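*Asks:*
Chains as they are written, first to last, in the numbering used here: chain A, 1450 to 1700; chain B, 3 to 564.
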């Protein structure tokens, strides 16, 4: 609900600020951009709300407790700490050089790194909201990396990770370095962001596919041997850490 | 002699490049050497590897052979070389003279050399053992792996105390003595840089044998530690600088007060059961202070890097001050964790701050809130000072340096006060917990019922305070756009700051969505606008605290009724 008040207000204020700064010449373009931005954030918001609804419906009390404390509070607050650190790097640069142009590179680097952290936090939330079985089937384990035993989707994710890592390291090394040659920073950061988004998208689709598979399997087993079998399966699933969609199907 | 002979390394572009990549090259070589030795070591049979693994318990008790001792010292030197090269690597500047390049190369060579020597030495021994084991069909390793039980550990090996005493004596007595004998201010700067390490070692050796009845060593250690304050006090009284003399006297009394509290804490730790004492010594003392010392080493080497670059510690006064302040924060945090480790599980659950309490705000007292806030401010101060360490003082004027020094000093003191508050509240929680335990043990035992109640108390959503906190963060972002609307001239600075703030606002929104996962099930009407909600942060905090007070009153009434 916070979003409902937050985003339109921000978008309107952004539009007014742009009109105030650039004048009314490009007002149509600014309005178009505002609408696109608003729709994009609205789409993300709806997606997150759906995820939240699924978690709220299907996790049991203990799992909700763990999710809210460990994932949302602890990991959420922990993700704010490196962001604050990157911001301090930029502030330190501003204190040292006194002008914003010299610190543009640092600021961009801080922005990109923070963006990567947000995406990783969101993906962590999405993964942790699933059952242990789904998590195990989706997360890439060390042995897979060592033996290079990947499916196509996992290979794509690993390639994305391999590409985004140098981008992040480059941004890390740009922190605190004076100079206004920010073009490389911007393009590298943007490229890294695209790659991270692609990897996250692949991860998210894997999660959805795996959950749906479990859901189908559960409903199939319900139709065949409804009474005795389904209750036993439910117990098994619950012992396994609780599957969101499977338990939801039975409920 | 050619006038530029000292600068021959920067005379040619190729040499300039060599000087730029020298730290990178050395650090890279060390990383490669480390992974190579590890890869070869891992080729030996797991049984042999297990017998050659050095555990923290072995180090704590000193039950290691001379070879392992050499290995541990070599690894410590390698870590120092790594930290030094990493701090050089982060500066990304040209090394200005051949001496500096020689130092960097030497650090790399020493690091790589020690890694390889220790590795080869170990491989030879492991190879012999493997061959003999194959021939005899049984293990002949000299040092059997020790049991994982922590029951037998009552104190650390005496060498820790001896080393600590020597270092403390050198820092607190040796450096001030050098300063007055040679009248060199730089010794004071060095002492400031080493102060935090000295405090960490003092606490470490102070708590290393809590069951020792004879307190001579402890008092001797304290005398060595505070002698520096006494030396400076007498010097300032002699020179007529009463302000500084008062400052040192105050510090002396502060240390004395902390020492008295420490003695009480030590007695309490001595009364722990054998198993808990072993756990305390290994986890809360050894591991905790090892982590703190690594942090201290890391920031100290950044200061040392500045000293090597500028050639004088006076030029790096601000960087050294930042380093000292951050190191002190590390020590405070380690001390806080140590106090936390001395608590019983029940006391910790009732009295100490935890994420669960923070999440639901129901068992959270004002002290907990204050403690968390202090901890947060200390971390922020530490991060800010760490970022300010990058700034070399070389190109700055005297007035700029003084101004920066005052500013950094204020931040450092703010962090220190917050850290000390956090520590004091943790100590208070420990002693209050003890008192409550004593009272409870004399009364009717109702603990098990209450503990069960606590264990079953699952939460389904975070308290409103957290959501209002995220609302404040996001509202600030929204309202920030009013700045360029009213003053377009601030656009440049505004955009810079907003670039940095955008991800924080986005994270706040993301977390706010998942803070109440069950609220999607109930048909609640839309809440008031987020501007109004953000204004509710303080009232919601007060309401949460009031609720908690009422709950406590009800609980105490219930206990009396029982």
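Glycine included, C-beta positions come from ideal geometry on N, C-alpha and C. Predicted, not measured: the structure shown is a model, and the values here were computed from it.
(1) In chain order, what residues of the same chain have a beta carbon less than 8 Å from the beta carbon of residue 425 of chain B, not counting five sequence neighbours either side?
(2) Considering only the alpha carbon of each residue, which of B/479, B/404, B/331 lies closest to residue 417 of chain B?
(3) Taking the alpha-carbon of residue 68 of chain B as reference, which of B/419, B/37, B/124, B/48 has the nearest alpha-carbon?
(4) At least one CB of chain B closer than 7 Å to the CB of residue 1648 of chain A: is that the case?
(5) Is any beta-carbon of chain A found at less than 7 Å from that of residue 515 of chain B?
(6) Suppose you measure from the CA of residue 533 of chain B to the CA of residue 473 of chain B; what does that come to, to the nearest Å?
(7) Count the other CB atoms, across all protein chains shown, that sit within 10 Å of the CB of residue 242 of chain B; report buried if there are 16 or more and exposed otherwise.
(8) Under 8 Å, CB to CB, which of the residues in the segment 289-318 of chain B have a partner in chain A?
(9) Does the beta-carbon distance from residue 50 of chain B to residue 132 of chain B come in below 7 Å?
(10) Buried or exposed for residue 146 of chain B, going by 16 or more other Cβ atoms inside 10 Å?
(11) Starting from residue 1585 of chain A, find everything on chain B with Cβ-Cβ shorter than 9 Å and list it in chain order.
(12) Let me know if residue 1598 of chain A comes out buried or exposed under the rule of 16 or more other beta-carbons within 10 Å of its beta-carbon.
(13) Looking at residue 231 of chain B and residue 254 of chain B, is the spacing between their C-beta atoms short of 7 Å?
(14) Let me know the secondary structure DSSP gives residue 196 of chain B once reduced to three states.
(15) Is the shortest distance between the beta-carbon of residue 1505 of chain A and the beta-carbons of chain B less than 7 Å?
(16) With 7 Å as the threshold, decide whether the Cβ of residue 486 of chain B is near any Cβ in chain A.
(17) In terms of residue numbering, what span does the alpha helix (DSSP H) encompassing residue 1621 of chain A cover?
(18) State the DSSP-derived secondary structure class of residue 1547 of chain A, mapped to helix, strand or coil.
(19) Of the residues that make up the segment 1560-1584 of chain A, which ones have a beta carbon closer than 8 Å to any beta carbon in chain B?
(20) In the DSSP assignment, the alpha helix (DSSP H) including residue 163 of chain B goes from what residue to what residue?
(21) Whole angstroms is fine: what's the gap from residue 518 of chain B's alpha carbon to residue 63 of chain B's?
(22) Residue 324 of chain B by DSSP, collapsed to three states: which one?
(23) On the criterion of 16 or more Cβ atoms from any shown chain inside 10 Å, does residue 264 of chain B qualify as buried, or is it exposed?
(24) Measure how close the beta-carbons of residue 324 of chain B and residue 308 of chain B come, nearest whole angstrom, since I'm counting them as under 8 Å.
(25) Is there a C-beta anywhere in chain A that falls below 7 Å from the one on residue 105 of chain B?
(26) On a Cα-Cα basis, can you pick out the residue from B/285, B/430, B/240 that is closest to residue 349 of chain B?
(27) Taking all protein chains shown into account, do 16 or more other C-beta atoms lie within 10 angstroms of the C-beta of residue 1560 of chain A, making it buried, or fewer, making it exposed?
(28) If residue 170 of chain B and residue 204 of chain B are in contact, beta carbons under 8 Å, what's the gap, nearest whole angstrom?
(29) Just to confirm my understanding: we take residue 201 of chain B, look at its own chain, exclude 5 residues before and 5 after, and list those with CB closer than 6 Å. What are they?
(30) Runs of 4 residues minimum, wholly inside the segment 44-101 of chain B: which ones carry the alpha helix (DSSP H) assignment?
(31) Counting only the same chain and skipping the five closest in sequence on each side, list residues whose C-beta sits under 7 Å from that of residue 500 of chain B.
(32) Could you have a look at residue 344 of chain B and say whether DSSP puts it in helix, strand or coil?
(33) Which of the three DSSP states, helix, strand or coil, is assigned to residue 367 of chain B?
(34) Are there 16 or more other CB atoms within 10 angstroms of the CB of residue 58 of chain B, so buried, or fewer, so exposed?
(35) List the whole-angstrom C-beta distance separating residue 1522 of chain A from residue 361 of chain B, where the pair is believed to meet the contact cut-off of C-beta under 8 Å.
(36) Between the C-alpha atoms of residue 1633 of chain A and residue 383 of chain B, what's the straight-line distance to the nearest angstrom?
*Replies:* A quick look at the data gives this:
(1) Reading the second chain from its first residue, position 423 is the one you call residue 425 of chain B. Here the set comprises 334, 337, 338, 341.
(2) Along the second chain, one-based indexing puts residue 417 of chain B at 415. Checking every option, the nearest Cα to that of residue 417 of chain B belongs to B/331.
(3) By 1-based counting over the second chain, the position of residue 68 of chain B is 66. Ranking B/419, B/37, B/124, B/48 by Cα distance to residue 68 of chain B puts B/124 first.
(4) As a position in the first chain, residue 1648 of chain A is number 199, starting the count at 1. It does not: the Cβ of residue 1648 of chain A has no partner Cβ on chain B nearer than 7 Å.
(5) Taking the first residue of the second chain as 1, we reach residue 515 of chain B at position 513. Yes - at least one Cβ of chain A is within 7 Å of the one on residue 515 of chain B.
(6) Counting from 1 along the second chain, the entry for residue 533 of chain B is found at position 531. Counting from 1 along the second chain, the entry for residue 473 of chain B is found at position 471. Annotation note: pLDDT 40 at residue 533 of chain B (below 50); position unreliable, no value reported.
(7) Stepping through the second chain from its first residue, residue 242 of chain B is reached at position 240. Answer is exposed; the Cβ neighbour count stays below 16.
(8) none
(9) Residue mapping note: residue 50 of chain B aligns to position 48 of the second chain, counting from 1. Residue mapping note: residue 132 of chain B aligns to position 130 of the second chain, counting from 1. Closer than 7 Å, so yes.
(10) To locate residue 146 of chain B, count along the second chain from 1; it is residue 144. Summary for residue 146 of chain B: the model assigns pLDDT 49, below 50, so the residue's position carries little reliability; its value from the coordinates is reported in the next sentence. Per the 10 Å Cβ criterion, exposed.
(11) Mapped onto the first chain, residue 1585 of chain A falls at position 136. Result: empty, since nearest Cβ-Cβ is about 22 Å, beyond 9 Å.
(12) Looking up residue 1598 of chain A in the first chain gives position 149. Classification of residue 1598 of chain A: exposed, given that the 10 Å Cβ count is below 16.
(13) Locating residue 254 of chain B in the second chain gives position 252, counting from the first residue. Locating residue 231 of chain B in the second chain gives position 229, counting from the first residue. Cβ distance < 7 Å, so residue 254 of chain B and residue 231 of chain B count as in contact.
(14) As a first step, residue 196 of chain B must be located in the second chain, where it is residue number 194. If DSSP states are grouped into helix, strand and coil, residue 196 of chain B belongs with the helices.
(15) Within the first chain, the letter at position 56 stands for residue 1505 of chain A. It does; some Cβ of chain B falls within 7 Å.
(16) Counting from 1 along the second chain, the entry for residue 486 of chain B is found at position 484. By this cut-off, residue 486 of chain B is an interface position.
(17) As a first step, residue 1621 of chain A must be located in the first chain, where it is residue number 172. Note, residue 1621 of chain A: alpha helix (DSSP H), 1601-1623.
(18) In the first chain, counting from the first residue as 1, residue 1547 of chain A sits at position 98. Coil at residue 1547 of chain A, not helix or strand.
(19) 1560, 1563, 1564, 1566, 1567, 1570, 1571, 1574
(20) For the purposes of this step, residue 163 of chain B is taken as residue 161 along the second chain, with counting starting at 1. Residue 163 of chain B -> alpha helix (DSSP H) spans 160-171.
(21) Here the question's residue 518 of chain B lines up with position 516 in the second chain. Here the question's residue 63 of chain B lines up with position 61 in the second chain. Rounded to whole angstroms, residue 518 of chain B to residue 63 of chain B spans 49 Å at the Cα level.
(22) Start at 1 with the first residue of the second chain, and residue 324 of chain B comes out as number 322. The answer is helix: DSSP assigns residue 324 of chain B an H, G or I state.
(23) Within the second chain, the letter at position 262 stands for residue 264 of chain B. Buried.
(24) Within the second chain, the letter at position 322 stands for residue 324 of chain B. Within the second chain, the letter at position 306 stands for residue 308 of chain B. Incorrect: roughly 10 Å between the Cβ atoms, too far for contact.
(25) Your numbering for residue 105 of chain B matches position 103 in the second chain. Answer no: the Cβ-Cβ gap between residue 105 of chain B and chain A never drops below 7 Å.
(26) Within the second chain, numbered from 1, the residue matching residue 349 of chain B stands at position 347. Comparing Cα-Cα distances from residue 349 of chain B to each of B/285, B/430, B/240, the minimum goes to B/430.
(27) Position 111 of the first chain, counted from the start, is the residue given in the question as residue 1560 of chain A. With 16 or more Cβ atoms within 10 Å of its Cβ, residue 1560 of chain A is classed as buried.
(28) Taking the first residue of the second chain as 1, we reach residue 170 of chain B at position 168. Taking the first residue of the second chain as 1, we reach residue 204 of chain B at position 202. Residue 170 of chain B to residue 204 of chain B, Cβ: 6 Å. Contact.
(29) Within the second chain, numbered from 1, the residue matching residue 201 of chain B stands at position 199. Answer for residue 201 of chain B: 333, listed in chain order.
(30) 48-54, 58-63, 68-93
(31) Reading the second chain from its first residue, position 498 is the one you call residue 500 of chain B. Excluding residues within five positions, the ones whose Cβ falls inside 7 Å are 482.
(32) Residue mapping note: residue 344 of chain B aligns to position 342 of the second chain, counting from 1. Coil, per DSSP.
(33) Looking up residue 367 of chain B in the second chain gives position 365. Residue 367 of chain B: coil per DSSP, three-state reduction.
(34) On the second chain, residue 58 of chain B is found 56 positions in, with the first residue counted as 1. With fewer than 16 Cβ atoms within 10 Å of its Cβ, residue 58 of chain B is classed as exposed.
(35) Within the first chain, the letter at position 73 stands for residue 1522 of chain A. Within the second chain, the letter at position 359 stands for residue 361 of chain B. Their Cβ separation, rounded to whole angstroms, is 5 Å, which keeps residue 1522 of chain A and residue 361 of chain B in contact under 8 Å.
(36) In the first chain, the residue the question calls residue 1633 of chain A occupies position 184. In the second chain, the residue the question calls residue 383 of chain B occupies position 381. Those two C-alpha atoms are separated by around 31 Å.
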